[in-house]
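Asks: In the working numbering, the protein residues as written are 112 to 516. Where is the CB? At the ideal position from N, CA and C, for every residue including glycine. Keep in mind it's a predicted model, so treat the numbers as computed, not measured.
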Ligand SMILES: Cc1cc2nc3c(=O)[nH]c(=O)nc-3n(C[C@H](O)[C@H](O)[C@H](O)COP(=O)(O)OP(=O)(O)OC[C@H]3O[C@@H](n4cnc5c(N)ncnc54)[C@H](O)[C@@H]3O)c2cc1C
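(1) In chain order, what residues of the same chain lie with their CB nearer than 6 Å to the CB of residue 126, ignoring the 5 residues before and after it?
(2) Give the C-beta separation of residue 183 and residue 239 to the nearest angstrom, bearing in mind that I take them to be a contact with Cβ-Cβ under 8 Å.
(3) Beta carbon of residue 325, beta carbon of residue 384: below 8 Å?
(4) Would you decide whether residue 146 is buried or exposed? Buried here means 16 or more other CB atoms lie within 10 Å of its CB.
(5) When you measure from the CB of residue 144 to every non-hydrogen atom of ligand 1, does any distance come out below 7 Å?
(6) Taking the beta carbon of residue 116 as the centre, do at least 16 other beta carbons fall within 10 Å, making it buried, or is it exposed?
(7) What residues in its chain sit with their C-beta under 7 Å from that of residue 179, if we drop five residues either side in the sequence?
(8) Do residue 254 and residue 270 come within 8 Å of each other at the CB atom, strictly closer than that value?
(9) Give the single residue among 201, 200, 244, 188 whose Cα lies nearest to the Cα of residue 223.
(10) Taking 7 Å as the line, does the beta carbon of residue 237 fall inside it for any heavy atom of ligand 1?
(11) Which ranges does the beta strand (DSSP E) cover as unbroken runs of at least 3 residues, wholly within the segment 293–337, from first to last along the chain?
(12) What I want to know is whether the C-beta of residue 411 ends up closer than 7 Å to one or more non-hydrogen atoms of ligand 1.
(13) Pick out whichever of 312, 489, 498 has its Cα sitting closest to the Cα of residue 220.
(14) Since residue 128 and residue 173 are thought to touch, with beta carbons under 8 Å apart, how far apart are those beta carbons, to the nearest angstrom?
(15) Return yes when at least one heavy atom of ligand 1 lies under 7 Å from the C-beta of residue 164, else no.
(16) Over the uninterrupted alpha helix (DSSP H) stretch that includes residue 195, give me the two end residues.
(17) Excluding the five sequence neighbours on either side, which residues of its own chain have a C-beta within less than 8 Å of the C-beta of residue 134, listed in chain order?
(18) Sort out for me which residues DSSP pairs residue 342 with in a bridge.
(19) Regarding residue 276 and ligand 1, is the C-beta to nearest heavy atom distance less than 7 Å?
(20) With respect to the alpha helix (DSSP H) encompassing residue 490, which residues constitute its N-terminal and C-terminal limits?
(21) Using the rule of at least 16 other Cβ atoms within 10 Å of the residue's Cβ for burial, across every protein chain shown, is residue 505 buried or exposed?
(22) Do residue 378 and residue 301 come within 8 Å of each other at the CB atom, strictly closer than that value?
Put into structure tokens, the structure is as follows:
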């Protein structure tokens with residue numbers, strides 16, 4: 112039986128970040144992950160990884176604070192300075208650019224494996240105790256906090272356990288925290304494509320009758336241009352698109368994207384993810400606290416999922432470290448309540464906005480179409496509103512902790 116200050120279950124991007132943030136403040140932190148926590152050796156010439164994230168400025172500040180940003184930017188990351196969103200069934204279009212921002216970019220598109228690997232490199236030289244290739248099977252309350260039982264029979268105990276074990280979080284379920292769920296009834300097809308035209312560092316998204324289609328810019332290599340795509344469609348449509356030959360897929364994709372990237376020259380393996388919204392009704396219970404996808408999963412259309420998770424990390428670390436430095440019990444309910452208050456409202460609003468977008472663009476009603484086309488065109492003509500949206504999307508206008516400002 113080993114005792115530690117905080118045990119984090121799940122060493123994805125969110126769990127690994129929290130482990131580093133807490134260890135930096137001197138807390139004895141353990142990280143349990145069912146896969147390996149050994150950093151790999153990625154190279155610029157590796158094939159593209161299918162999953163990418165559009166990182167906001169606030170997330171970049173956190174990764175920088177944790178020492179991981181240098182590793183990411185030195186690997187493969189593509190800044191985007193513009194964003195275009197348009198209605199594929201109408202005339203509305205809105206464009207954003209980074210001109211009004213001090214940081215010059217709207218954000219960066221980075222492969223998830225690159226982000227996680229940079230975090231694992233920092234973990235390797237930290238004080239975090241890593242228990243990898245271990246699934247957490249059980250959780251129980253103990254006299255001093257919570258205990259988890261690992262696959263190999265080891266028992267780890269700590270005053271506070273953190274569930275960072277993803278959307279299907281076993282720890283959330285074992286601790287009895289209920290979650291509201293809603294099936295978006297869409298599947299996301301995800302892959303990397305080579306395009307005939309350069310993307311000019313623009314992230315683009317078209318809302319089609321069938322669902323949103325996003326082209327996210329990746330670094331060009333040897334004069335060849337690449338984008339990561341996320342194409343959300345009904346499951347039956349996903350079956351059809353998935354079954355297309357590569358050539359037919361490329362042609363259909365180019366058409367759906369109105370040839371704005373020119374011809375699609377090549378496509379990598381396609382992956383498919385059912386999309387579900389899930390939101391825990393509370394963020395802590397009986398010494399278990401939730402972060403990242405364990406607390407909330409959201410439609411990828413605005414690329415907010417892991418960014419919300421990173422801000423959970425920043426705020427939870429802020430509250431725990433402040434409580435510990437005051438000599439308070441960092442695991443006390445009132446400390447965790449403060450974390451919940453600072454995050455749950457913001458996360459709920461972001462989710463409601465995504466659902467609203469999905470409904471607005473999924474509607475075939477002529478009146479609603481008119482409203483959304485007029486709304487997009489009007490927004491495009493109002494720099495003040497556009498700046499507000501860009502500011503909001505950067506994550507910096509939220510209640511972010513002092514150490515990230
Ligand atoms: C198609 C698609 C596109 C997306 N695009 C974006 C985007 O552009 N921008 C963005 O911000 N977000 C995006 N997201 C969301 C983003 O990918 C997730 O929010 C993010 O990966 C969640 O990270 P996490 O660390 O919380 O969870 P996960 O990545 O799910 O990590 C959980 C970890 O816990 C481990 N684990 C699970 N169970 C156990 C157990 N019992 N014991 C031990 N370990 C366990 C797993 O192995 C895993 O490593 C997208 C999502 C999808 C589906």
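Replies: In terms of the structure at hand:
(1) Cβ neighbours of residue 126 beyond the five flanking positions: 119, 275.
(2) So it is not a contact: roughly 19 Å between Cβ atoms.
(3) Contact flag unset, no.
(4) Classification for residue 146: exposed.
(5) Under cutoff, so the answer is yes.
(6) Counting the other CB atoms within 10 Å of its CB gives residue 116 a total of 16 or more, which places it among the buried residues.
(7) Contacts found: 229, 230, 233.
(8) No, Cβ-Cβ distance for residue 270 and residue 254 is not below 8 Å.
(9) The shortest Cα separation from residue 223 among 201, 200, 244, 188 belongs to 188.
(10) For residue 237, the shortest separation between its Cβ and any heavy atom of ligand 1 does not lie below 7 Å.
(11) Given a length threshold of 3 residues, each whole run of the beta strand (DSSP E) inside the segment 293–337 is given here in chain order: 313–319, 322–332.
(12) Taking 7 Å as the cut-off, one finds at least one heavy atom of ligand 1 near enough to the beta carbon of residue 411.
(13) Measuring from the Cα of residue 220, the nearest candidate turns out to be 312.
(14) That belief holds up - the Cβ atoms of residue 128 and residue 173 are roughly 7 Å apart, short of 8 Å.
(15) Correct: residue 164 has its Cβ closer than 7 Å to ligand 1.
(16) From DSSP, residue 195 is part of no alpha helix (DSSP H) but of the beta strand (DSSP E) over 193–198.
(17) Answer for residue 134: 140, 237, 238, 239, listed in chain order.
(18) DSSP lists 300, 324 as partners of residue 342.
(19) The answer is yes for residue 276.
(20) First-last of the alpha helix (DSSP H) with residue 490: 477–491.
(21) Residue 505 counts as buried, since at least 16 other C-beta atoms from the protein chains shown sit within 10 angstroms of its C-beta.
(22) For residue 301 and residue 378, no; Cβs fall outside 8 Å.
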